[in-house]
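What follows is one structure encoded as structure tokens, with my remarks underneath.
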Amino acid sequence: MSLRKALGGVRAGCAALALTGLILAPISAAQAADDDESISIIRDTEIEHILHEEADPVFVAAGLDPKAVQIHLVSNAELNSFAAGGQQIFVYSGMILETKNPNELIGVIAHETGHVAGGHLARSGDMIHHALGPMLISVGLGILAALAGAPGAGASLIFSAGYFGELSALGFNREQESRADQAAATFLDKAGISGRGLVRFFDNFRYQEVFDDEKKYPYFRTHPLSDERIEALRVRVTKQAHYDDVDSPRALALHAIMKAKLEGFIDGASKVLADYPLTDQSFPARYARAISLYRANDSDGATKAIDALIVDQPKNPYLWEIKGQIAFDSGHTKEAEAAHRRSVELEPDAPLLRINHAQALVALGAPDQLNEAVLDIRHALAVEPESPLAWRLLSEAYDAKKDPGMARLAAAEQNFYLGQLLEARTFAYNARQLLQKGTPEWRRATDIILASKPTPDQLKALGGG
Ligand SMILES: [Zn+2]
Numbered sequence: 045m046s047l048r049k050a051l052g053g054v055r056a057g058c059a060a061l062a063l064t065g066l067i068l069a070p071i072s073a074a075q076a077a078d079d080d081e082s083i084s085i086i087r088d089t090e091i092e093h094i095l096h097e098e099a100d101p102v103f104v105a106a107g108l109d110p111k112a113v114q115i116h117l118v119s120n121a122e123l124n125s126f127a128a129g130g131q132q133i134f135v136y137s138g139m140i141l142e143t144k145n146p147n148e149l150i151g152v153i154a155h156e157t158g159h160v161a162g163g164h165l166a167r168s169g170d171m172i173h174h175a176l177g178p179m180l181i182s183v184g185l186g187i188l189a190a191l192a193g194a195p196g197a198g199a200s201l202i203f204s205a206g207y208f209g210e211l212s213a214l215g216f217n218r219e220q221e222s223r224a225d226q227a228a229a230t231f232l233d234k235a236g237i238s239g240r241g242l243v244r245f246f247d248n249f250r251y252q253e254v255f256d257d258e259k260k261y262p263y264f265r266t267h268p269l270s271d272e273r274i275e276a277l278r279v280r281v282t283k284q285a286h287y288d289d290v291d292s293p294r295a296l297a298l299h300a301i302m303k304a305k306l307e308g309f310i311d312g313a314s315k316v317l318a319d320y321p322l323t324d325q326s327f328p329a330r331y332a333r334a335i336s337l338y339r340a341n342d343s344d345g346a347t348k349a350i351d352a353l354i355v356d357q358p359k360n361p362y363l364w365e366i367k368g369q370i371a372f373d374s375g376h377t378k379e380a381e382a383a384h385r386r387s388v389e390l391e392p393d394a395p396l397l398r399i400n401h402a403q404a405l406v407a408l409g410a411p412d413q414l415n416e417a418v419l420d421i422r423h424a425l426a427v428e429p430e431s432p433l434a435w436r437l438l439s440e441a442y443d444a445k446k447d448p449g450m451a452r453l454a455a456a457e458q459n460f461y462l463g464q465l466l467e468a469r470t471f472a473y474n475a476r477q478l479l480q481k482g483t484p485e486w487r488r489a490t491d492i493i494l495a496s497k498p499t500p501d502q503l504k505a506l507g508g509g
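If you want our numbering, it's the 1-based position in the sequence shown plus 44.
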């Protein structure tokens, strides 16, 4: 099942434009790794923060807790976005790269928020969670490079996602689409943001209507972007108090940084140089070119370029993060550890920065380094208790510490959160044998076995153990 086909039924999608000419190695490499059946979720602290900074006022206006709304960044050049149960909004990298300004992107996210807040996703949150959980990839952009085919880059978790079958049942009808538009207008108005971007964005793709169904992208096949729909929205937003407001300089700057970072990672060097020629000495341009060098395996050139940016912005944690990733991927583990340490100092509460640091510490492997790695990972898990990547790294750290019971328990947790209950149970059994009976860890292993739907015989064996 191709990604296109997999997503074809996802009516929640909200615009799709052919950007196929721009699709280069990254996405297809991720798919090739799993015969077109995987979807790549990019995890990147900087981009997640920018998306939340842009979108949180809309979530608040919608009566949602911004911390509870998850914005997932999908590594895919198609122009798409959709909402799913459990307050999850999926935004494609192609969508971000295609939006001309923050206001357009906020408009699209506000529309998805309309689906979330409007209860259009009324299904058991638990069920959705398990349907979606296993396909998620917890990675930083460093690992995105691995997906993009950079040799020697960090390991990745790629999941085959028949799970999108679940999502396809979440299609919205026309009425719900219109209601989401109107809700978006309400939220934007309440948040003091212009609705102009959303209308502009829809306008840009109105021409899709003249295509035959075959040529339309999934969203437009199922959801004609009708004149009536756009006009209804336009009438509403033009009357609103903030219609003529423009993006703040800060919002524009962050949007440019996000696009530069994505393009640096996702597009090839020639495209990056075309969009960000050497004559452009702005921060986003230099950032995109530096990342592009990293992607092209020119780690010396990339390090030099990042170092130059660090001179200008010594307290930017994401520059230190990338510096660390470049060093780690080129085998300079000590330098990687130092750079990641700096990024954690600058932003102590970001789980992915902690995980990067821990990964370098585990690779170095001295006893005090392993202890520090465990602390880092525990810190990350306190924020994201279900992160499979953190649990896997914790398992590696305990293995290196020669603590097989804790290592198996962490592996059980990792598999449990991936929805791989059989593997989770096996690891939990092993952990239970190795851990001291009656300890909280031993009890947790028991809980995982109980939660893994054991057979009556297996339950009986547990009573005896
Ligand atoms: Zn929609």
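Just so you know, even glycine gets a beta-carbon here, dropped at the ideal spot from N, CA and C.
Values in this document were obtained by computation on a predicted structure and should not be read as measured data.
Between ligand 1 and the CB of Ala224, the shortest heavy atom gap is smaller than 7 Å. Here His116 carries a strand assignment [DSSP, helix/strand/coil]. Straight-line measurement puts the Cα of Ala99 at about 25 Å from the Cα of Leu425.
Under the three-state reduction of DSSP, Ala128 is assigned to strand.
By the criterion of at least three beta-carbon pairs nearer than 8 Å, the region 372-381 is not in contact with the region 90-104. Just so you know, the alpha carbons of Glu485 and Ile370 end up roughly 36 Å apart. Comparing alpha-carbon positions, the option among Asp247, Pro429, Glu365 lying closest to Glu275 turns out to be Asp247.
A straight line joining the alpha-carbon of Arg330 with that of Ala404 spans about 26 Å. Using a Cβ distance threshold of 8 Å, Ala154 and Leu108 do not count as a contacting pair. Secondary structure of Phe134 (DSSP, three-state): strand. Boundaries of the alpha helix (DSSP H) around Ile94: 89-105. Per the C-alpha coordinates, the member of Ile150, His116, Ala383, Gly409 positioned closest to Asn400 is Ala383. Here Gln226 has Arg280 as same chain residues with Cβ atoms under 7 Å from its own Cβ, once five neighbours each way along the sequence are excluded. In this structure, Ile350 lies near Ala334, with their beta-carbon atoms less than 8 Å apart.
Contact between Ala468 and Ser439 fails: their C-beta atoms lie close to 12 Å from each other, not under 8 Å.
DSSP places Lys303 in the uninterrupted alpha helix (DSSP H) bounded by 293-310. The DSSP assignment places 361-373, 377-390 as complete runs of the alpha helix (DSSP H) inside the region 359-392, in order along the chain (cut-off: 4 residues). Listed as beta-bridge partners of Ile86 by DSSP are Leu117. Between Lys303 and Ile86, the C-beta spacing is not below 8 Å. Glu381 and Pro361 have their C-alpha atoms roughly 14 Å apart. Counting only residues of its own chain and dropping the five nearest sequence neighbours on each side, Leu465 has a CB closer than 7 Å to the CB of Ser496, Lys497. For Tyr442, the enclosing alpha helix (DSSP H) covers residues 432-444. For Glu221, the CB falls within less than 7 Å of some heavy atom of ligand 1. For His96, the CB contacts under 7 Å within the same chain, skipping 5 residues up- and downstream, are Pro110, Ile115 in chain order.
Exposed is the label assigned to Val427, since fewer than 16 other Cβ atoms lie within 10 Å of its Cβ. Beyond the five residues adjoining it in sequence on each side, Gln413 comes within less than 6 Å, by CB distance, of Leu405 in the same chain, given in chain order. Thr490 sits close to Arg476, with the two beta carbons spaced by under 8 Å. Counting along the chain, the unbroken alpha helix (DSSP H) around Ile492 starts and ends at 484-495. Relative to ligand 1, the beta carbon of His159 is positioned inside 7 Å of a heavy atom.
Across the structure, Pro432 and Lys283 are spaced so that their CA atoms are roughly 47 Å apart. If you ignore the 5 residues before and after Arg488, its C-beta comes within less than 7 Å of the C-beta of Leu453, all in its own chain and listed in chain order.
In this structure, Thr157 and Phe231 form a Cβ contact; the two beta carbons are roughly 6 Å apart against a cut-off of 8 Å.
Apart from sequence neighbours up to five positions away, the residues of its chain that approach Phe245 with a beta-carbon distance below 8 Å are Ala59, Thr143, Glu148, Gly151, Val152, ordered along the chain. Annotation: Phe471 to Arg422 spans about 20 Å, alpha carbon to alpha carbon. Counting along the chain, Asn400 sits inside the alpha helix (DSSP H) bounded by residues 395-408.
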